[in-house]
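J.: My numbering applies: residue 128 is where the sequence shown begins, and numbers increase by one.
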Amino acid sequence: MTVRVVLVDDHTVVRSGLRRLLESHKSIEIVAEADTGEMAYQIYGEVAPDVVLMDISMPGMGGLEAAKRILQRYPQAKIVIFSMHEAVSFAAQALKTGVKGYVTKTGAANDLLQAVLDVSKGKTFLSQDVAQKVALQTLIGESNPLQQLTSREFEVFRLLAEGKRVEDVADMLKISQKTVANYYTLIKQKLSVNSPVEMVRLAMKHGLIDTE
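(1) Output the distance between the C-alpha atoms of Arg146 and Ser303, rounded to the nearest integer angstrom.
(2) Return the CA-CA distance between Tyr168 and Gly189, expressed in angstroms with no decimal places.
(3) Among residues of its own chain, excluding the 5 on either side of Val174, which ones have a beta-carbon nearer than 6 Å to its beta-carbon?
(4) For the alpha helix (DSSP H) containing Ile208, list its first residue and its last residue.
(5) Are the beta-carbon atoms belonging to Val293 and Val307 less than 7 Å from one another?
(6) DSSP three-state call for Ile170: helix, strand or coil?
(7) Quick check on the burial criterion: 16 or more other C-beta atoms within 10 angstroms. Buried or exposed for Pro176?
(8) Measure the CB-CB distance between Val130 and Ile155 and report whether it falls below 7 Å.
(9) Do you know offhand how far Lys332's Cα is from His152's?
(10) Please state whether DSSP places Val324 in a helix, a strand or coil.
(11) Can you tell me which residues form a DSSP beta bridge with Val179?
(12) Examine the Cβ distances between the region 233-247 and the region 182-201 and report whether three or more of them are shorter than 8 Å.
(13) With three or more beta-carbon pairs closer than 8 Å as the criterion, would you say the region 202-210 touches the region 270-288?
(14) Is DSSP giving Tyr201 helix, strand or coil here?
(15) Straight-line CA distance for Glu213 to Leu335?
(16) Please list the segments of the beta strand (DSSP E) lying wholly inside the region 246-315, counting only runs of 3 or more residues, in order along the chain.
(17) How far does the alpha helix (DSSP H) with Thr342 in it reach, from first residue to last?
(18) Using a 10 Å radius around the Cβ and a threshold of 16 neighbouring Cβ atoms, would you call Ser254 buried or exposed?
(19) So, Val230 versus Ala219, is the Cβ gap smaller than 7 Å?
(20) Please classify Thr233: is it buried, with 16 or more other beta-carbons within 10 angstroms of its beta-carbon, or exposed?
(21) Might you give, ordered along the chain, the residues of its own chain that have their beta carbon closer than 7 Å to the beta carbon of Ala204, omitting 5 neighbours on each side?
(22) Can you tell me which of the three DSSP states Glu150 falls into?
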């Protein structure tokens, strides 16, 4: 059986590399590509792929928000997120959205192949480095307040915590500055943070910002 895949990444070179890797497996066929979350949503309805392989960080809608919208419209969708982020918070957000796979770009190339094949069969796949961290967090019973955030709030939180200005976030996510400000207010209420410094500390604690 051929697994029909849609590739979603805003970098042409990355998509080209992923296509070569995935199509090296005789059972995988790339049926379409997209460079934005908005385009991924549209293409899904047109080609009804078996699996969507989507980058988490893209201009505009972003991978998490796109996955959420695709799954709201097409609950049967099988989505694998791939990301440079190894922090549990990113994987937890993705899984909360309903995606079935989370693969880090630093992991083995075989992880992507295995993730696509496993998810196409209805299984869940996590990169080993992420799976170990998720298991450890569960084992020690550590709660993650970031789980309260929606996928869009999480993205706004991450960018603001990185030091981006409101106007920068608005431009990157293609939303208005007023909308970003509204999200900021909601985020502060949900996370009980009162200042940008507290926000940065929380982001660092949960691995959203590199402390090196």
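Yeah, the Cβ is synthetic: ideal placement off N, Cα and C, and Gly gets one too.
Quantities reported herein were computed from a predicted structural model and do not represent experimental measurements.
T.: On the basis of the coordinates in this document:
(1) Against the sequence shown, residue 146 aligns to sequence position 19. Against the sequence shown, residue 303 aligns to sequence position 176. Taking the straight line joining both Cα atoms gives about 35 Å.
(2) Within the sequence shown, numbered from 1, the residue matching residue 168 stands at position 41. Within the sequence shown, numbered from 1, the residue matching residue 189 stands at position 62. Linking Tyr168 to Gly189 through their CA atoms gives a straight-line distance of about 11 Å.
(3) As a first step, residue 174 is located in the sequence shown; it is residue number 47 there, counting from the start. Close CB contacts of Val174 within its chain, under the 6 Å cut and outside five residues either way in sequence, are with Val158, Ala159 (chain order).
(4) Residue numbering aside, residue 208 sits at position 81 when the sequence shown is read from its first letter. Premise fails: Ile208 lies in the beta strand (DSSP E), 206-210, not in any alpha helix (DSSP H).
(5) Here residue 293 refers to the residue found at position 166 when the sequence shown is read from its first residue. Here residue 307 refers to the residue found at position 180 when the sequence shown is read from its first residue. Closer than 7 Å, so yes.
(6) The count along the sequence shown starts at 1 and reaches residue 170 at position 43. Note: Ile170 maps to helix in three-state DSSP.
(7) For this step, residue 176 is matched to residue 49 along the sequence shown. Buried, since its Cβ has 16 or more Cβ neighbours within 10 Å.
(8) Start at 1 with the first residue of the sequence shown, and residue 130 comes out as number 3. Start at 1 with the first residue of the sequence shown, and residue 155 comes out as number 28. Going by beta carbons, Val130 and Ile155 fall inside the 7 Å limit.
(9) Here residue 332 refers to the residue found at position 205 of the sequence shown. Here residue 152 refers to the residue found at position 25 of the sequence shown. Note on geometry: alpha-carbon atoms of Lys332 and His152 lie some 39 Å from one another.
(10) Along the sequence shown, read from residue 1 onward, the residue named residue 324 stands at position 197. In the structure shown, Val324 sits in a helix (DSSP, three-state: H, G or I).
(11) Taking the first residue of the sequence shown as 1, we reach residue 179 at position 52. Its beta-bridge partners are Val133, Ile206.
(12) In this structure the region 233-247 does not lie against the region 182-201, because fewer than three pairs of beta carbons, one per stretch, are closer than 8 Å.
(13) With a cut-off of 8 Å, the region 270-288 and the region 202-210 do not count as touching, because too few Cβ pairs lie within range.
(14) One-based indexing of the sequence shown puts residue 201 at position 74. In the displayed model, Tyr201 falls within coil according to three-state DSSP, outside both helix and strand.
(15) For the purposes of this step, residue 213 is taken as the residue at position 86 of the sequence shown. For the purposes of this step, residue 335 is taken as the residue at position 208 of the sequence shown. Their Cα atoms are separated by approximately 9 Å.
(16) Listed in chain order, the beta strand (DSSP E) runs fully inside the region 246-315 amount to none, counting runs of at least 3 residues.
(17) One cannot answer for residue 342 here, as it falls past the ends of the chain, which runs 128 to 339.
(18) Start at 1 with the first residue of the sequence shown, and residue 254 comes out as number 127. So Ser254 counts as buried.
(19) Here residue 230 is taken as the residue at index 103 of the sequence shown, counted from 1. Here residue 219 is taken as the residue at index 92 of the sequence shown, counted from 1. With a cutoff of 7 Å on beta-carbon distance, Val230 and Ala219 are scored as not near each other.
(20) Here residue 233 is taken as the residue at index 106 of the sequence shown, counted from 1. With a 10 Å radius around the Cβ and a threshold of 16 neighbouring Cβ atoms, Thr233 comes out exposed.
(21) What you label residue 204 is simply residue 77 of the sequence shown in a count that begins at 1. So the list reads Tyr171, Val179, Ile197, Leu198, once near-sequence residues are dropped.
(22) On the sequence shown, residue 150 is found 23 positions in, with the first residue counted as 1. Coil.
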